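J.: This is the structure, below, for whatever I ask next.
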Amino acid sequence: ILNVEQSPQSLHVQEGDSTNFTCSFPSSNFYALHWYRWETAKSPEALFVMTLNGDEKKKGQISATLNTKEGYSYLYIKGSQPEDSATYLCAFIGGSQGNLIFGKGTKLSVKP
Amino acid sequence: GAGVSQSPSNKVTEKGKDVELRCDPISGHTALYWYRQSLGQGLEFLIYFQGNSAPDKSGLPSDRFSAERTGGSVSTLTIQRTQQEDSAVYLCASSLGSSHSPLHFGNGTRLTVT
């Protein structure tokens, strides 16, 4: 059974705060790690697909890093805005054409 | 272009009845996934189709659940003899099929079993 763990489960920050959360996954047979953002009443949207150890990706004020040897990825949000409020999901693929196993997500609430 | 389309968007059914949920993936996407989110839970994997390969059914919670994908395109998830614990949002996603391809999700079907 593949376990993808995310922490914290939820996070409440003030507008302008920077924040980060963690995704842990099996370090063996790694193929890719995905990050998704899921806003209330919408469907999940892809943020990043990461494949190489040491990868760092950036989209606006959101960035992510990947360590496949120790099995973790960090997602950073610099200067959080209320519109960043969402659940952030990571998903692990352990095979070139395998299915994605999702973590339970980190629910971020940004107060104005 | 058109995204992933799911129907119906909402379904209320009585315990014991069968239901069918439909997913139209993005044209050209070879991979199709079904997930569900029960209240307070994360995304639970149900089934995965990739091209002409045998589907990965390892996430189906019981033999009341089945899914098919006709002609490599539209997929139907069928739940027989529905139970109250089947109440959830059922999400379908499609992708180009490689581990590097992001998933594109539909808006989901909210199933309520009374």
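Quick mapping for you: the protein sequence lines, in order, are chains A and B.
So the first sequence is numbered by the numbering used here: it starts at 1 and just counts up by one.
So the second sequence is numbered by the numbering used here: it starts at 113 and just counts up by one.
All C-beta atoms, glycine included, are put in the ideal place defined by N, C-alpha and C.
Keep in mind that this is a model prediction, so the values were computed, not measured.
1. Rank B:Thr226, B:Tyr202, B:Ser210, B:Leu223 by C-alpha distance to the C-alpha of A:Pro44 and give the top, closest one.
2. Would you decide whether B:Ala166 is buried or exposed? Buried here means 16 or more other CB atoms lie within 10 Å of its CB.
3. Please name the residues in the region 93-105 of chain A whose beta-carbon is closer than 8 Å to at least one beta-carbon of chain B, in chain order.
4. Within 8 Å (strictly less), CB to CB, does A:Ala32 reach chain B?
5. Given that B:Asp168 touches chain A, what residues does it touch there, using C-beta distances under 8 Å?
6. Rounded to whole angstroms, what is the Cα-Cα separation between A:Lys58 and B:Arg193?
7. Starting from B:Asn122, trace the beta strand (DSSP E) in both directions and tell me its first and last residue.
8. Using a C-beta cutoff of 8 Å, does B:Pro214 count as contacting chain A?
9. Does DSSP put A:Asp84 in a helix, in a strand, or in coil?
10. I need the straight-line Cα distance from B:Thr224 to B:Lys123, nearest angstrom please.
11. With DSSP collapsed to three states, give me the class of A:Thr22.
12. Within 10 angstroms of its Cβ, does B:Leu155 collect 16 or more other Cβ (buried), or is it exposed?
13. Within a Cβ cutoff of 7 Å, which residues of the same chain sit near B:Gln195, ignoring the five residues on either side of it in sequence?
14. Using a Cβ cut-off of 9 Å, pull out every chain C residue sitting near B:Phe157, in sequence order please.
15. From A:Ala46 to B:Ser170, what distance separates their C-alpha atoms?
16. Check whether the region 27-37 of chain A touches the region 130-144 of chain B, counting contact only when three or more Cβ pairs, one atom from each stretch, lie closer than 8 Å.
T.: On the basis of the data shown:
1. For the residues B:Thr226, B:Tyr202, B:Ser210, B:Leu223, the minimum Cα distance to A:Pro44 belongs to B:Tyr202.
2. exposed
3. Ile93, Gly95, Ser96, Gln97, Gly98, Asn99, Leu100, Ile101, Phe102, Gly103, Lys104, Gly105
4. Output row for A:Ala32: interface = yes.
5. Gly98, Asn99
6. 46 Å
7. 122-125
8. yes
9. Under the three-state reduction of DSSP, A:Asp84 is assigned to helix.
10. 6 Å
11. strand
12. buried
13. Excluding residues within five positions, the ones whose Cβ falls inside 7 Å are Lys127, Val225.
14. Protein chains in the displayed structure are A and B, and chain C is not among them.
15. 24 Å
16. no
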